[in-house]
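Letter by letter, the sequence shown follows residues 1 to 47 of UniProt numbering. Glycine residues also receive a C-beta, built at the ideal position from the N, C-alpha and C atoms. Quick notes on the structure that follows.
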Amino acid sequence: MLVSLFSSLERWRLRILKYKNMQDIHSMDHDLIEEIFKINRYNKFII
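Structure, rendered in structure tokens:
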């Protein structure tokens, strides 16, 4: 379970890096990252 969580986080991270390369909108990036942290927090409870 932890491994899958890490791999999904890695996928998210790559997606964000790609997104940042495409367009440099910091506020959007920040929102994305906030969402991911929220999801991550819920995942911890599920695990």
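Measuring straight from C-alpha to C-alpha, what distance separates residue i and residue j?
i, j, result
"residue 48", "L32", "Nothing can be reported for residue 48, as the shown portion of the chain is limited to 1 through 47."
"V3", "H30", "25 Å"
"I16", "F37", "13 Å"
"N40", "L5", "8 Å"
"E35", "S7", "17 Å"
Does DSSP put residue i in a helix, a strand or coil?
i, result
"I47", "Only weak support exists for where I47 lies, its pLDDT of 48 falling under 50; the value from the coordinates is given anyway. Three-state result, I47: coil."
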